[in-house]
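Under our numbering, the residue at position 47 of the sequence shown is numbered 671, and the numbers go up by one with no gaps.
Beta carbons: idealized from backbone N, C-alpha and C, even for Gly.
This report refers to the structure that appears directly beneath it.
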Amino acid sequence: KSLNVQAFKKGPDYIDPIWLSQASGNPCYNLDFYNMSEDEITQLYGQYASNSDITIIEGNKGLYDGMNVTGGD
């Protein structure tokens, strides 16, 4: 089945978005939780996800488990 895939990357990076763009056939957009507000992230995600069949967010520790304010792992 042919799907229109939209990829997103959590946080700043320049290598992963290149791979994700190649794999999805669409530009990859960064969702930067440190430099963007929640509203900006929601707007960016909604804008590009609305035209896709499926979205993929490449992330790492912290996307769903929050931020450790004490600085530990």
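N628 to I681 span [Cα, whole Å] | Sequence index remark: in the sequence shown, residue 628 carries index 4 (1-based). Sequence index remark: in the sequence shown, residue 681 carries index 57 (1-based). Taking the straight line from one Cα to the other gives about 14 Å.
Would A673 pass as a contact of T679 if the rule is Cβ separation under 8 Å?
-> As a position in the sequence shown, residue 673 is number 49, starting the count at 1. As a position in the sequence shown, residue 679 is number 55, starting the count at 1. In this structure, T679 lies closer than 8 Å to A673 by Cβ.
What is the DSSP secondary structure of I639, counted as helix, strand or coil?
-> The count along the sequence shown starts at 1 and reaches residue 639 at position 15. Per DSSP, reduced to three states, the secondary structure at I639 is coil, with no helix or strand assignment.
Whether P641 touches D656 by CB criterion (8 Å) = To locate residue 641, count along the sequence shown from 1; it is residue 17. To locate residue 656, count along the sequence shown from 1; it is residue 32. Result no, Cβ atoms of P641 and D656 do not sit closer than 8 Å.
For T694, which of helix, strand or coil comes out of DSSP?
-> If you number the sequence shown from 1, residue 694 lands on position 70. Looking at T694 - three-state DSSP - the assignment turns out to be coil, as it is neither helix nor strand.
With burial defined as no fewer than 16 other Cβ atoms inside 10 Å of the residue's Cβ, what is the status of Q646: buried or exposed?
-> For this step, residue 646 is matched to residue 22 along the sequence shown. When all chains shown are included, Q646 counts as exposed.
Would you check if the distance between the CB atom of K633 and the CB atom of L644 is smaller than 8 Å?
-> Numbered from 1 along the sequence shown, position 9 holds the residue referred to as residue 633. Numbered from 1 along the sequence shown, position 20 holds the residue referred to as residue 644. Yes, they are a contact pair.
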